[in-house]
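What follows is a single structure, written as structure tokens, with notes after it.
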């Protein structure tokens, strides 16, 4: 039992980001409790934020940690390793149902206990599986939303809404899904990597440089090393961003108008935030060319910067063409497009500079920076949704100023960039886990 | 005295509170083939990577061809070849494409040498790197490091993924390439027999400290195992200077000693009233003795 408890602890706190999230959530909960004495609504808001942060820090990456621990094939020989892993995963998936079930049981009136128990477990399980099967799984929710949305649009009676299915059906689905997962997990000769064929095809589409000419210029080689076009694990952001935008454009074309402008704006901003990935990847990949390219650290930074600005310009152009086309086809006014594109571009540039500057993880500063950025996206969605011109102007100016500041920080960090710290961890670093499991069986 | 190809002076490196390298001072001269030996976690990879400028030292200096490692010029970089422990090849490319992308960085790329190595090591260059075996990936990474005939070759566990035949072929190739061109090679390995076959100098790391650096032959002459047969029961510590480990069983004791001078043998025999015989050790035994606690 101790080893299962230990595995649960690893799933929930394995990544340093989870531990920082837990610390920040604890601080928010305490602050919220204290604040409630002065202002109950504000206290409740901060307290709720802390609880949500705690849940997401602990549970969202748990599937990923479990996958990382499952990957080394040598672990198969650890006694009952897979069974213990499965038991620990089940416990983590069921954990959120305990407090919600208790709250439902203690609540006055006829509060339904089954939905309160099943729905959190269903959500947590879905998150665990999505993260466990990355990157192949990332298209599944997106695809499901698009397909179900289109089918319901075509024939609303054909597919009932999830809430109409009832908790009993959800519970059966959950049990069946876990049984299928367990049957596969306990027997699979190897776990991962999970590259879907569709993604590999997408990778080939993104990998323009894969069709190399006979004489390759140095710039092409630099781009190929710095940018993630060739790495299946790193192209997923492009796929998510592209998928989101396609879904939005499809929604505009089908529904005739963006019924919820805030939602459309938020989706665009999420797509923009994914620009973080190219900058972050370039900072790490520059290690590959440090000894080969005739460039200093700062010259490498400038090359990476020029590359992502080019990439963003192409994406902004595609975004503009896609939206303009959709708006024109549906006879919608083009005026709201300008602020949307301005905010998407400024937030994408800022995200890319945050990524470029994240050459080493400085927990509190980086978490604060990312937190402020996410908050600004929320504000952006609100301003765009309400058509607040002043708010949009403020946001674009704020993002631009922040991008200049982040660039300065990035330049300073790149001068002393330490690629030893960013080196990918070796698989044998987790060998202690096997020893732990063997010792306790 | 020739210019040092690699030099480290009081080099330390820490990650947070963890000190990985401690006050390392060492040099490598042209033509040296240096084996870096140490247990897992001793700091071998970090030492090689700090010397190559992948990260700044916490204190001290690291220089390559007289230039500070963190600020290497284009000229200095063109003289270096490096194979990391985990290869850094691009999975989506074919071996041929990876070769093309790497060779464009070097004016002195030797196509003939690269072709010859690819053919001898039977690397399938038309297959995507994702589909290559770990050994084939390692061989490809080695070709990419050797192709521009670097003056300094740094190899971090270069033979770990190779089968015994490929290992021997690689070491022979390494000796051919380095021996004929006065090239400096710095390589780490867990396989002591390979290191013994290829290196003429050794750096031994223990807990981030360089506990030995020098000629391999000098190391072998310097560290011996003494067999002491007393005329009466031996008790307590024998008090032999520079003893690395000591095992006493009744009238018989074995002691590993560093910096051994054969002239001390008679003096020690007289002091202990025993017969003393010095046994030369292989590198593997020396490595084990250097890591044994007294």
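Residue numbers (the numbering used here), protein chains in the order written: chain A, 1 to 441; chain B, 1 to 294. Note that beta-carbon positions come from the ideal geometry of N, C-alpha and C, so glycine has one too.
Contact with chain B by residue i, beta-carbon distance below 9 Å
{"i": "residue 416 (chain A)", "result": "yes"}
{"i": "residue 421 (chain A)", "result": "yes"}
{"i": "residue 288 (chain A)", "result": "yes"}
{"i": "residue 392 (chain A)", "result": "no"}
{"i": "residue 295 (chain A)", "result": "yes"}
{"i": "residue 230 (chain A)", "result": "Residue placement at residue 230 (chain A) cannot be trusted, given a pLDDT of 49 that sits under 50; the coordinates are not used to answer."}
{"i": "residue 208 (chain A)", "result": "For residue 208 (chain A), the predicted model reports a pLDDT of 48, less than 50, meaning its position is unreliable and no value from the coordinates is stated."}
{"i": "residue 225 (chain A)", "result": "yes"}
{"i": "residue 300 (chain A)", "result": "no"}
{"i": "residue 451 (chain A)", "result": "Outside the displayed span of chain A (1 to 441) sits residue 451 (chain A), for which this structure offers no information."}
{"i": "residue 291 (chain A)", "result": "yes"}
{"i": "residue 16 (chain A)", "result": "no"}
Start and end residues, beta strand (DSSP E) containing residue i
{"i": "residue 226 (chain B)", "result": "224-230"}
{"i": "residue 63 (chain B)", "result": "59-64"}
{"i": "residue 410 (chain A)", "result": "Note, residue 410 (chain A): premise wrong, no beta strand (DSSP E); alpha helix (DSSP H) at 389-415."}
{"i": "residue 275 (chain B)", "result": "274-280"}
{"i": "residue 81 (chain B)", "result": "80-83"}
{"i": "residue 252 (chain B)", "result": "252-257"}
{"i": "residue 214 (chain B)", "result": "209-215"}
C-beta contact flag for residue i and residue j at 9 Å
{"i": "residue 20 (chain B)", "j": "residue 208 (chain B)", "result": "yes"}
{"i": "residue 445 (chain A)", "j": "residue 178 (chain A)", "result": "Coverage of chain A is limited to positions 1 through 441, which leaves residue 445 (chain A) absent and any answer about it impossible."}
{"i": "residue 352 (chain A)", "j": "residue 276 (chain A)", "result": "yes"}
{"i": "residue 290 (chain B)", "j": "residue 226 (chain B)", "result": "no"}
{"i": "residue 49 (chain B)", "j": "residue 420 (chain A)", "result": "yes"}
{"i": "residue 69 (chain A)", "j": "residue 45 (chain A)", "result": "no"}
{"i": "residue 340 (chain A)", "j": "residue 384 (chain A)", "result": "yes"}
{"i": "residue 8 (chain B)", "j": "residue 27 (chain B)", "result": "yes"}
{"i": "residue 147 (chain B)", "j": "residue 110 (chain B)", "result": "yes"}
{"i": "residue 381 (chain A)", "j": "residue 272 (chain A)", "result": "no"}
{"i": "residue 118 (chain A)", "j": "residue 170 (chain A)", "result": "yes"}
{"i": "residue 37 (chain B)", "j": "residue 186 (chain B)", "result": "no"}
{"i": "residue 278 (chain B)", "j": "residue 224 (chain B)", "result": "yes"}
{"i": "residue 142 (chain B)", "j": "residue 124 (chain B)", "result": "no"}
{"i": "residue 183 (chain B)", "j": "residue 30 (chain B)", "result": "yes"}
{"i": "residue 54 (chain B)", "j": "residue 152 (chain B)", "result": "no"}
Three-state class that DSSP yields for residue i in the structure shown
{"i": "residue 247 (chain B)", "result": "strand"}
{"i": "residue 324 (chain A)", "result": "helix"}
{"i": "residue 220 (chain A)", "result": "helix"}
{"i": "residue 235 (chain B)", "result": "coil"}
{"i": "residue 172 (chain B)", "result": "helix"}
{"i": "residue 349 (chain A)", "result": "helix"}
{"i": "residue 280 (chain A)", "result": "helix"}
{"i": "residue 329 (chain A)", "result": "helix"}
{"i": "residue 90 (chain B)", "result": "coil"}
is_contact[residue i, chain A] using C-beta, thresh 9 Å
{"i": "residue 165 (chain B)", "result": "no"}
{"i": "residue 63 (chain B)", "result": "no"}
{"i": "residue 77 (chain B)", "result": "yes"}
{"i": "residue 52 (chain B)", "result": "yes"}
{"i": "residue 24 (chain B)", "result": "no"}
{"i": "residue 56 (chain B)", "result": "yes"}
{"i": "residue 191 (chain B)", "result": "no"}
{"i": "residue 332 (chain B)", "result": "Because chain B here runs from 1 to 294, residue 332 (chain B) falls outside it and cannot be looked at."}
{"i": "residue 3 (chain B)", "result": "no"}
{"i": "residue 125 (chain B)", "result": "no"}
{"i": "residue 72 (chain B)", "result": "yes"}
{"i": "residue 88 (chain B)", "result": "yes"}
{"i": "residue 13 (chain B)", "result": "yes"}
{"i": "residue 67 (chain B)", "result": "no"}
{"i": "residue 132 (chain B)", "result": "no"}
Where the alpha helix (DSSP H) containing residue i begins and where it ends
{"i": "residue 146 (chain B)", "result": "134-146"}
{"i": "residue 168 (chain A)", "result": "167-187"}
{"i": "residue 275 (chain A)", "result": "Where residue 275 (chain A) is concerned, there is no enclosing alpha helix (DSSP H), given that its DSSP letter is neither H nor E."}
{"i": "residue 194 (chain B)", "result": "192-198"}
{"i": "residue 6 (chain B)", "result": "No alpha helix (DSSP H) contains residue 6 (chain B), which is instead part of the beta strand (DSSP E) from 6-15."}
{"i": "residue 326 (chain B)", "result": "This structure leaves residue 326 (chain B) out entirely; chain B is present only between 1 and 294."}
Residue i: CB within 8 Å of a non-hydrogen atom of the ligand HEM
{"i": "residue 176 (chain A)", "result": "In the structure on display, the ligand HEM does not appear, and there are no ligands present to speak of."}
Would you say the region 274-294 of chain A touches the region 88-106 of chain B, given that touching needs at least three Cβ pairs under 8 Å?
Result yes; three or more Cβ-Cβ pairs closer than 8 Å.
Assess contact between the region 49-62 of chain A and the region 399-406 of chain A, defined as three or more Cβ pairs (one per stretch) separated by less than 8 Å. Is contact present?
The answer is no - the region 399-406 of chain A does not touch the region 49-62 of chain A, with fewer than three Cβ pairs under 8 Å.
Quick one: any contact between the region 5-15 of chain A and the region 90-105 of chain A, if contact means 3 or more CB pairs under 8 Å?
Because the criterion of three Cβ pairs below 8 Å is met, the region 5-15 of chain A and the region 90-105 of chain A touch.
Okay, do the region 237-257 of chain B and the region 58-75 of chain B touch, 3+ Cβ pairs below 8 Å being the bar?
No: the two stretches stay apart, fewer than three of their Cβ pairs being nearer than 8 Å.
Check whether the region 351-365 of chain A touches the region 281-289 of chain A, taking contact to mean three or more Cβ pairs, one atom from each stretch, closer than 8 Å.
Touching, per the Cβ criterion.
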